[in-house]
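Colleague: Take a look at the following structure, please.
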Amino acid sequence: MGTVQRFLVFLFLLALGSCNFFESKENRTQELINAELREMDWNSIDSYPLFLDCDETATKPIQRQCFERKITHHFEATLNEFEFTVDSERNAVVDVIFVIDAEGKISVVDIIKDASILKQMPEFDGIITQSLKSIPPIAPALKRGIPVRTKFKIPVQLNTK
C-alpha cells in the first residue's frame, strides 16, 4: 500500500471514529439532562405568578403575598359590585380553584361551595369566571427560568346576614 493510500485509510478511520465520539458525547449530554429532570421537584416553583406591580426580585414569600393580595382584592371588588350576601348562620366560604398557564392566562378549574350558597346565588360561578377575564395581566410562575402552569386555591369569604 502506498503512502497516499495509507493516508486516505487513516483519514477514513479517523472520520469514522470522530462521528462515534460526537454521538457518544451527545448521548452523555442527553443522559445528564434526563437525570436532572428526574431529580427536579416539579411540585415547587422558583417564582410565583406576578402582577405588573409585584416585585419580581422579591423573595418567594413576598411574591406569594403580593400575588394572593392582588387576586383576593380582585375577587372582593367583583363580589362587592354584586353585593352578594348569604343567609347563613356559619361562615360562608367558597374555594375558587384556578390555573395560570405558561402564558399567564387564568382559568377556573372548580368552585367549591355549600349547596345553600348555590341555591341562594346560582349565578355565582359565572360571575367569578367572568371576573377573571378582566383581571390585570399576570406573568406566569417560573421553574428554572421556564414559564410553567400553576394551580391555586383561594378561599373567598362571603358576607352573611
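In this text, residue positions in the sequence shown follow our numbering: the first is -6, and each later residue adds one.
Beta carbons are placed, not taken as given, at the ideal position from N, Cα and C, and that holds for glycine.
1) Can you tell me which of 20, 24, 45 puts its alpha carbon nearest to the alpha carbon of residue 132?
2) For residue 123, count neighbouring Cβ atoms within 10 angstroms of its own Cβ and tell me buried if that reaches 16, exposed if not.
3) Could you tell me whether the segment 47 to 67 touches the segment 106 to 113, where touching means 3 or more Cβ pairs closer than 8 Å?
4) State the beta-bridge partners of residue 140 as determined by DSSP.
5) Cα-Cα, which of 58, 66, 136 is closest to residue 39?
6) Run through the segment 43 to 78 for me and flag every whole alpha helix (DSSP H) of 4 or more residues, listed as ranges in chain order.
7) Tell me whether residue 92 is buried or exposed, calling it buried when 16 or more other Cβ atoms sit within 10 Å of its Cβ.
8) Considering Cα atoms alone, identify which of 62, 146, 65, 130 is closest to residue 98.
9) Starting from residue 91, follow its DSSP beta bridges and name the residues at the other end.
Modeller: Let me spell this out:
1) 45
2) exposed
3) No, they do not touch.
4) 135
5) 136
6) 53 to 75
7) exposed
8) Ranking the options by Cα distance to residue 98, first place goes to 130.
9) 101, 145
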